[in-house]
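Counting in this note's numbering, the sequence shown runs from 77 upward without gaps.
Okay, structure first, notes after.
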Amino acid sequence: MRMVESGDVRLAVFEEGDPADPAVLLLHGYPDTHRVWDEVAALLRDRFHVVRYDVRGAGASGAPANRRDYGFDRLIGDLGAVLDALGLAKVHLVGHDWGSLQGWEALGRPEIRDRLASFTSLGGPGLRQAADFMRRGRRRDVAAQRIRSWYIGAFRLPVLPEAAWRSVLPAVVSAALRREGATPRPGHPADTLTRDGLNGLALYRGNMPGAALDPRVPDVPLQIIEATRDAYVTPALSAAVAEWAPRSWHRRIAAGHWAHRSRPEAVAEMVAEFVEHAEGGPAGRGLRRARARARGGFGGRLVVVTGAGSGIGRATARAFAAHGAEVVCADIDIDAAKQVSEEIAKDFRITAYGVRVDVANANQMEDFSRNIIAEYGVPDVVVNNAGIAVAGAFLDHTVDDWRRTLDVNLWGVVHGCRLFGAAMAERGEGGHIVNVASLAAFAPSRLLPAYSTSKAAVKMLSDCLRAELAGHGIGVSTICPGFVSTDIAGNATYAGGTGMREWAVRGLARRGYPPERVAAHILRAVHRNQAVVPVNFEGKIGYALSRISPGAMRGLARLSKLAGKDRPYGRR
Ligand SMILES: NC(=O)c1ccc[n+]([C@@H]2O[C@H](COP(=O)([O-])OP(=O)(O)OC[C@H]3O[C@@H](n4cnc5c(N)ncnc54)[C@H](O)[C@@H]3O)[C@@H](O)[C@H]2O)c1
Numbered sequence: 077m078r079m080v081e082s083g084d085v086r087l088a089v090f091e092e093g094d095p096a097d098p099a100v101l102l103l104h105g106y107p108d109t110h111r112v113w114d115e116v117a118a119l120l121r122d123r124f125h126v127v128r129y130d131v132r133g134a135g136a137s138g139a140p141a142n143r144r145d146y147g148f149d150r151l152i153g154d155l156g157a158v159l160d161a162l163g164l165a166k167v168h169l170v171g172h173d174w175g176s177l178q179g180w181e182a183l184g185r186p187e188i189r190d191r192l193a194s195f196t197s198l199g200g201p202g203l204r205q206a207a208d209f210m211r212r213g214r215r216r217d218v219a220a221q222r223i224r225s226w227y228i229g230a231f232r233l234p235v236l237p238e239a240a241w242r243s244v245l246p247a248v249v250s251a252a253l254r255r256e257g258a259t260p261r262p263g264h265p266a267d268t269l270t271r272d273g274l275n276g277l278a279l280y281r282g283n284m285p286g287a288a289l290d291p292r293v294p295d296v297p298l299q300i301i302e303a304t305r306d307a308y309v310t311p312a313l314s315a316a317v318a319e320w321a322p323r324s325w326h327r328r329i330a331a332g333h334w335a336h337r338s339r340p341e342a343v344a345e346m347v348a349e350f351v352e353h354a355e356g357g358p359a360g361r362g363l364r365r366a367r368a369r370a371r372g373g374f375g376g377r378l379v380v381v382t383g384a385g386s387g388i389g390r391a392t393a394r395a396f397a398a399h400g401a402e403v404v405c406a407d408i409d410i411d412a413a414k415q416v417s418e419e420i421a422k423d424f425r426i427t428a429y430g431v432r433v434d435v436a437n438a439n440q441m442e443d444f445s446r447n448i449i450a451e452y453g454v455p456d457v458v459v460n461n462a463g464i465a466v467a468g469a470f471l472d473h474t475v476d477d478w479r480r481t482l483d484v485n486l487w488g489v490v491h492g493c494r495l496f497g498a499a500m501a502e503r504g505e506g507g508h509i510v511n512v513a514s515l516a517a518f519a520p521s522r523l524l525p526a527y528s529t530s531k532a533a534v535k536m537l538s539d540c541l542r543a544e545l546a547g548h549g550i551g552v553s554t555i556c557p558g559f560v561s562t563d564i565a566g567n568a569t570y571a572g573g574t575g576m577r578e579w580a581v582r583g584l585a586r587r588g589y590p591p592e593r594v595a596a597h598i599l600r601a602v603h604r605n606q607a608v609v610p611v612n613f614e615g616k617i618g619y620a621l622s623r624i625s626p627g628a629m630r631g632l633a634r635l636s637k638l639a640g641k642d643r644p645y646g647r648r
């Protein structure tokens, strides 16, 4: 530790590692001190010259005599003073919360920005860019961010925040960290949290709201780590702020606001990989995807679609590819899967892979998921779409009809969710699982007893899983289309209905609802993390009616007619 003078303030500066290595400066937020980076610094010091300091008014640093001296001019002056004192011409800056706000501000200041070799932003947007988002962002996104930013207004009130810091706030902050699985402020001499909390209020009073300054960002490599459970920064704000950067890498981590405390290994690895790349090293797969992700859409994502050889699966694989994702097209029909992946490669110049798998077969699904993860990485999105239909009266269904329907439609989804869900959770960068159910999930009928049962189970499975995986930053959506014009009726099995096949094939074709429209709903569901998405007219009406009047749905089920009916039960 050494003390560095910056105006009338003495800053406590801490160094670790070999000064010959690239310098990484870890800048803390509010109401933290340099010690919030303890674990990350310990993981980085063998490879980098790690520098930290307590910002003015915090930890072992002094506080300015004038409360107005917490403005960005002073804060950026402190950063420059530390770099000068340590003789650092260039530094890789990593900022969290207010430390990140300072980093963004430094990018806009000619006197310091040339000294930034790279910048990693965690849990804190640029104020200039955030102000622009608040003015011009989508109204719904802005409203969501305003709700999360409630405390900014509160901290700017007179007297009240001071009273809160002297009473409940220290305990509230510690509880917030514990809730995230992070240890509260590490071993600090006496209790300076209240003092630092009181001092730091001047940050909010002196620098907010973000002035209408130029939000443009210079060409400095910029990594944004988006914590999926950050209580203060919405994904929409992260994305909007990133758009200003000419060269950015966008990462996700399933964690709360203090990701560097709850998941230090993951944060340290992201910082190390990025700094090494900015120093001229090659980009690994994670970084390459982070770069593509920053270009928007589904760029840089890996998407697995089952049943991708035909209908809704094919349209979904194509739609993800059209938005920049790499796609794995899986199907029991390998020729169809290969054909779709080749079409995608040709039409969108995107990497796509055609793979054979029977989703009903547990062993095959285990091999499939293991191979995908080993060869292409953990998928960001999995669409469990493969499905079959058996139509006919319940008394005409054989045990095999039931078994095959449940094996493909339900067990196929269970396998997909289990295997890929576990890998996503372990990776810790979030993700999304889409399960394709059907209107049949909530609309009983005499036509599709096994099929409807399997789809109702898929919907319930998805709801349960959504609750469980939310904590990992993994969304789960159930898609419930009504009738869609695909080959499903032609591929279906008909229990006892002579003439049913032609009738069903003709009916579905006549409905004229293309699978591409279902695919668009699937992409939107992932983008917005929607829980249940009824698709098309009958899908939406059915969903609404099933909730308003389940009795009416049961009545309608009686009316559904079997083609060529009033004949004895029998097979096909
Ligand atoms: N078409 C509709 O009207 C409609 C309506 C609601 C829901 N859905 C659901 O949408 C999904 C896709 O259906 P579609 O209409 O595109 O049908 P489709 O028959 O056109 O395509 C289904 C694809 O799944 C593949 N498949 C079948 N069994 C498989 C298995 N065991 N392992 C791997 N792949 C397998 C098929 O080879 C085919 O390529 C299904 O889950 C279906 O239940 C369809």
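Positions of the beta carbon are idealized from the N, C-alpha and C atoms, including for glycine.
On a predicted model such as this, the values are computed, not experimentally measured, just so you know.
Option nearest residue i by Cα separation, candidates the options
i: residue 449; options: 498, 350, 327 and 476; result: 498
i: residue 360; options: 505, 349 and 370; result: 349
i: residue 431; options: 228, 444 and 269; result: 444
i: residue 595; options: 87, 392, 113 and 174; result: 392
i: residue 207; options: 243, 152, 386 and 320; result: 320
i: residue 484; options: 441, 518 and 191; result: 441
i: residue 657; options: 405, 241 and 382; result: With the chain covering 77 to 648 only, the question about residue 657 has no answer from this structure.
i: residue 214; options: 586, 622, 531 and 316; result: 316
i: residue 152; options: 142, 117 and 176; result: 176
i: residue 108; options: 172, 402, 101 and 150; result: 172
i: residue 181; options: 203, 192 and 326; result: 203
i: residue 136; options: 473, 290, 549 and 272; result: 272
i: residue 423; options: 395, 222 and 336; result: 395
i: residue 519; options: 91, 636 and 590; result: 636
beta-carbon residue i near ligand 1 non-hydrogen atom, thresh 8 Å
i: residue 540; result: no
i: residue 577; result: no
i: residue 563; result: yes
i: residue 403; result: no
i: residue 513; result: yes
i: residue 434; result: yes
i: residue 531; result: yes
i: residue 494; result: no
i: residue 591; result: yes
i: residue 429; result: no
i: residue 196; result: no
i: residue 605; result: no
i: residue 379; result: no
i: residue 152; result: no
i: residue 559; result: yes
i: residue 388; result: yes
With 16 other Cβ atoms within 10 Å as the buried cut-off, status of residue i
i: residue 77; result: exposed
i: residue 188; result: buried
i: residue 540; result: exposed
i: residue 230; result: exposed
i: residue 56; result: Because the chain spans 77 through 648 in this model, residue 56 falls outside it and cannot be assessed.
i: residue 84; result: exposed
i: residue 626; result: exposed
For residue i, three-class secondary structure by DSSP
i: residue 646; result: The pLDDT assigned to residue 646 is 47, lower than 50, so where the model puts this residue is not dependable; a value taken from the coordinates is nonetheless given after this. In this structure, residue 646 counts as coil in the three-state DSSP scheme.
i: residue 142; result: coil
i: residue 589; result: coil
i: residue 340; result: helix
i: residue 92; result: strand
i: residue 70; result: This structure leaves residue 70 out entirely; the chain is present only between 77 and 648.
i: residue 641; result: A caution first: residue 641 carries a pLDDT of 49, below 50, which makes its placement in the model unreliable, though a value can still be read off. Coil.
i: residue 79; result: strand
i: residue 582; result: helix
i: residue 494; result: helix
i: residue 327; result: strand
i: residue 594; result: helix
i: residue 431; result: strand
i: residue 42; result: Any answer about residue 42 is impossible in this case: the structure gives the chain only from 77 up to 648.
i: residue 523; result: coil
i: residue 561; result: coil
i: residue 171; result: strand
- Message: In chain order, what are the residue ranges of uninterrupted beta strand (DSSP E) at least 3 long that sit wholly in the segment 283-325?
- Response: Taking only runs of at least 3 residues, the beta strand (DSSP E) segments lying wholly in the segment 283-325 are 298-303.
- Task: Please go through the segment 606-639 and give each complete beta strand (DSSP E) segment of 3 or more residues, from N-terminal end onward.
- Result: Residue ranges of uninterrupted beta strand (DSSP E) with 3 or more members, entirely inside the segment 606-639 and ordered along the chain, are 608-611.
- Item | Secondary structure, alpha helix (DSSP H): runs of 4+ residues fully inside the segment 98-164 | If only uninterrupted alpha helix (DSSP H) runs of at least 4 residues are considered, those enclosed by the segment 98-164 are 114-120 and 148-162.
- Which whole runs of the beta strand (DSSP E) in the segment 344-421 are 3 residues long or more, in chain order? The beta strand (DSSP E) runs of length 3 or more contained entirely in the segment 344-421 are, from start to end of the chain, 378-382 and 402-407.
- What are the complete beta strand (DSSP E) segments, minimum 3 residues, inside the segment 203-251? Segments of the beta strand (DSSP E) lying fully in the segment 203-251: there are none.
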